[in-house]
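First comes the structure, then the notes that go with it.
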Amino acid sequence: MTPPILPGAVLGVLGSGQLGRMFAIAARRMGYRVHTLSPAAGSPTGQVADREVVADYDDLDAVAEFARGVDVVTFEFENVPVAAAETAARFVPVRPRGEVLHVAQHRLREKTTLWRLGVPTAAFEAVDSPQALDAALGRIGTPAVLKTAGFGYDGKGQIVLRQPAEAGQAWRAIGAGEAVLEAFVDFESEVSVVAARGADGAFVHYGVTENRHRDHILDVSLPGVSLPGDGNERAVALAREILEALDVVGVLCVEFFVTRDGELLVNELAPRPHNSGHFSVDASVTCQFEQQVRAACALPLGDTGLLRPAAMVNLLGDLWDAGEPDWAAALRDPRVKLHLYGKAEARPGRKMGHLTAFGDDAEDAAQRALAARTRLSASARGG
Ligand code: AMP
Numbered sequence: 001m002t003p004p005i006l007p008g009a010v011l012g013v014l015g016s017g018q019l020g021r022m023f024a025i026a027a028r029r030m031g032y033r034v035h036t037l038s039p040a041a042g043s044p045t046g047q048v049a050d051r052e053v054v055a056d057y058d059d060l061d062a063v064a065e066f067a068r069g070v071d072v073v074t075f076e077f078e079n080v081p082v083a084a085a086e087t088a089a090r091f092v093p094v095r096p097r098g099e100v101l102h103v104a105q106h107r108l109r110e111k112t113t114l115w116r117l118g119v120p121t122a123a124f125e126a127v128d129s130p131q132a133l134d135a136a137l138g139r140i141g142t143p144a145v146l147k148t149a150g151f152g153y154d155g156k157g158q159i160v161l162r163q164p165a166e167a168g169q170a171w172r173a174i175g176a177g178e179a180v181l182e183a184f185v186d187f188e189s190e191v192s193v194v195a196a197r198g199a200d201g202a203f204v205h206y207g208v209t210e211n212r213h214r215d216h217i218l219d220v221s222l223p224g225v226s227l228p229g230d231g232n233e234r235a236v237a238l239a240r241e242i243l244e245a246l247d248v249v250g251v252l253c254v255e256f257f258v259t260r261d262g263e264l265l266v267n268e269l270a271p272r273p274h275n276s277g278h279f280s281v282d283a284s285v286t287c288q289f290e291q292q293v294r295a296a297c298a299l300p301l302g303d304t305g306l307l308r309p310a311a312m313v314n315l316l317g318d319l320w321d322a323g324e325p326d327w328a329a330a331l332r333d334p335r336v337k338l339h340l341y342g343k344a345e346a347r348p349g350r351k352m353g354h355l356t357a358f359g360d361d362a363e364d365a366a367q368r369a370l371a372a373r374t375r376l377s378a379s380a381r382g383g
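Per our numbering, the very first residue in the sequence shown carries number 1; after that it's consecutive.
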């Protein structure tokens with residue numbers, strides 16, 4: 001049995017955004033101390049951590065010193081170089097292990113791993129030159145999506161090709177040496193399963209969450225949805241297979257497309273708590289961040305039950321266009337909860353916070369959350 005890391009210990013998190021912040025809050029509530037390492041000072045995680053180390057992830061001396069000062073290392077950002085995870089692993093357990101990062105931070109490795117496991121994805125091919133792109137387009141057809149192989153999220157590093165003639169321009173636009181061409185999926189909906197696996201192999205999941213995007217960025221999440229037929233069971237079974245095959249100890253989110261005939265295709269893996277699981281902070285018995293603490297510390301995982309129907313909407317920097325949003329107006333509905341990430345600068349498209357609302361069902365909760373978000377900027381516009 002893996003010995004548990006008990007309250008009072010120091011948890012190290014690589015990365016310092018909102019995911020690390022909510023991890024740190026969950027950890028501190030349970031009596032742990034938290035250190036964070038990232039290149040940013042005064043970060044969302046640093047503001048609530050016991051210690052904020054400012055260093056580049058490829059400063060392996062800094063990573064080694066950081067690891068010597070903590071009892072376990074986890075991460076909140078999958079684009080940490082694998083060398084940083086490997087360096088930390090020389091001193092303390094790293095959960096999930098660096099190999100999971102290695103797979104999830106590179107779309108081609110991720111898709112190839114899924115294909116080897118027999119997990120359904122959109123048809124894809126590796127492309128490394130304009131000639132290879134033309135050849136792949138000949139097989140996959142249009143429309144198709146060209147994505148950089150590494151370091152992409154929220155629709156960054158990808159471009160939709162409507163016609164084969166757009167290939168040259170698309171290749172130059174993504175500026176990649178290594179890319180993936182994927183068939184465009186005319187999906188019915190996008191859903192995710194946030195799941196966790198303990199050091200003892202226990203598996204838990206948060207059911208199926210429907211995710212509605214705007215400009216490629218998650219906008220609204222509705223947990224607890226029912227897919228037609230045995231869709232929920234299939235989605236959870238695929239998530240379980242992936243966590244087990246990758247030997248994940250921690251939280252991992254699987255994002256799916258649901259096709260018009262009910263097929264599930266995996267789009268992406270995120271080996272950490274995920275934006276589509278933020279509802280769990282207010283609405284679940286054990287939130288995804290506490291689950292990450294428990295898994296990292298080799299403690300038993302917590303119950304994932306949904307306490308009440310809920311939904312989450314993101315608050316992007318665009319909401320600040322006309323000045324500071326009217327927080328009091330959003331909170332006029334007592335079933336709305338506000339989360340802000342402590343980011344100083346509100347840039348368009350930047351995730352600044354989220355609202356969780358409760359309702360009679362997920363759709364009613366989503367409407368309440370959306371109405372609250374509308375109130376945030378209505379008064380600034382004189383509405
Ligand atoms: P990604 O960065 O790969 O998660 O993509 C971000 C968003 O782009 C997804 O949530 C989809 O809305 C859209 N997208 C990505 N890949 C495809 C695809 N193959 N077909 C249709 N839409 C896609």
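Just so you know, even glycine gets a beta-carbon here, dropped at the ideal spot from N, CA and C.
Of the listed residues the options, nearest to residue i (C-alpha basis)
i, options, result
"ASP215", "GLU233, GLY168, PHE203, ILE159", "ILE159"
"ALA224", "ALA237, TYR206, LEU19, LEU238", "According to the sequence as given, residue 224 is Gly; it is not Ala. The residue with the shortest Cα to Cα distance from GLY224 is TYR206."
"VAL13", "ALA85, ASP58, ASP59", "ALA85"
"HIS213", "GLY229, SER192, LEU340", "SER192"
"LEU342", "ALA196, MET22, LEU218, GLY8", "Checking the sequence shown, residue 342 turns out to be Gly, not Leu. Of the candidates ALA196, MET22, LEU218, GLY8, the one whose C-alpha sits nearest the C-alpha of GLY342 is MET22."
"THR113", "VAL266, GLN292, LEU306, GLY353", "VAL266"
"GLN384", "SER43, ALA365, LEU60, GLY168", "With the chain covering 1 to 383 only, the question about residue 384 has no answer from this structure."
"GLY250", "ASP128, ALA149, THR209, PHE75", "PHE75"
"GLY141", "ALA165, SER38, THR148", "ALA165"
"SER16", "ASP50, THR286, VAL94, PRO3", "ASP50"
"PRO325", "THR304, PRO7, LEU355", "LEU355"
"GLU244", "PHE77, LEU11, ARG29, VAL119", "VAL119"
"GLY177", "VAL48, ALA144, SER38, ALA149", "ALA149"
"ALA64", "PRO81, HIS278, ALA88", "ALA88"
"ARG308", "ALA328, SER280, GLU52, ARG332", "SER280"
"LEU218", "VAL145, HIS278, ALA239", "HIS278"
"VAL208", "ALA239, GLU188, ALA179", "ALA239"
"ASP69", "MET1, VAL145, GLU52", "It should be noted that the sequence gives Gly, not Asp, for residue 69. Nearest of MET1, VAL145, GLU52 to GLY69, Cα basis: GLU52."
Beta-carbon proximity check, residue i vs residue j, cutoff 7 Å
i, j, result
"VAL92", "ALA67", "yes"
"VAL103", "ARG109", "yes"
"VAL54", "ALA122", "no"
"LYS337", "ASP282", "yes"
"ASP56", "ILE5", "no"
"SER276", "SER221", "yes"
"ARG335", "ALA357", "yes"
"LEU301", "ALA196", "yes"
"LYS147", "ARG90", "no"
"ARG33", "VAL48", "no"
Proximity test, residue i beta-carbon vs ligand 3 heavy atom, cut-off 6 Å
i, result
"GLU166", "The model depicted lacks ligand 3 and carries ligand 1 instead."
Through-space distance from residue j to residue i, alpha-carbon basis
i, j, result
"ALA27", "ASP261", "42 Å"
"VAL248", "ALA378", "44 Å"
"ARG375", "ALA369", "10 Å"
"ALA183", "VAL258", "14 Å"
"ALA235", "CYS297", "27 Å"
"GLU263", "LEU252", "21 Å"
"GLY20", "ASP58", "19 Å"
"GLY31", "GLY231", "39 Å"
"THR45", "LEU181", "35 Å"
"LEU137", "ARG294", "45 Å"
"ALA311", "ILE242", "26 Å"
"VAL73", "GLY359", "37 Å"
"ALA330", "HIS339", "12 Å"
"LEU246", "GLU363", "34 Å"
"ALA40", "ALA83", "19 Å"
"GLN291", "VAL285", "10 Å"
"GLN288", "LEU306", "12 Å"
"ARG95", "ALA24", "15 Å"
"ARG162", "GLY168", "13 Å"
"PRO228", "GLU210", "13 Å"
"LEU37", "GLN105", "19 Å"
"GLY98", "GLU78", "10 Å"
"GLY383", "ASN314", "Residue confidence for GLY383 is low, a pLDDT of 43 falling below 50, so the modelled location carries little weight; the figure read from the coordinates is stated next. Rounded to the nearest angstrom, the two C-alpha atoms are 21 Å apart."
"LEU117", "ALA371", "42 Å"
"VAL127", "GLU188", "28 Å"
"ALA179", "ARG29", "42 Å"
C-beta neighbour in chain C for residue i, strict 7 Å
i, result
"ARG33", "Protein chain content of the structure displayed is limited to a single chain, and chain C is not contained in it."
Buried or exposed (CB count within 10 angstroms, at least 16 for buried), residue i
i, result
"LEU299", "buried"
"PRO255", "In the sequence as presented, Pro is not what sits at residue 255; that position holds Glu. With 16 or more Cβ atoms within 10 Å of its Cβ, GLU255 is classed as buried."
"PRO3", "exposed"
"ALA237", "exposed"
"PRO322", "The question names Pro, but residue 322 in the sequence shown is Ala. Burial call: exposed."
"GLY353", "buried"
"GLY8", "exposed"
"GLU233", "exposed"
"ALA328", "exposed"
Is there contact here, the stretch 192 to 201 with the stretch 122 to 138, by at least three beta-carbon pairs under 8 Å? no
Counting beta carbon pairs with one atom in the stretch 306 to 318 and one in the stretch 337 to 349, are three or more of them shorter than 8 Å? yes
Below 8 Å, can you find three or more Cβ-Cβ pairs linking the stretch 265 to 285 to the stretch 160 to 180? no
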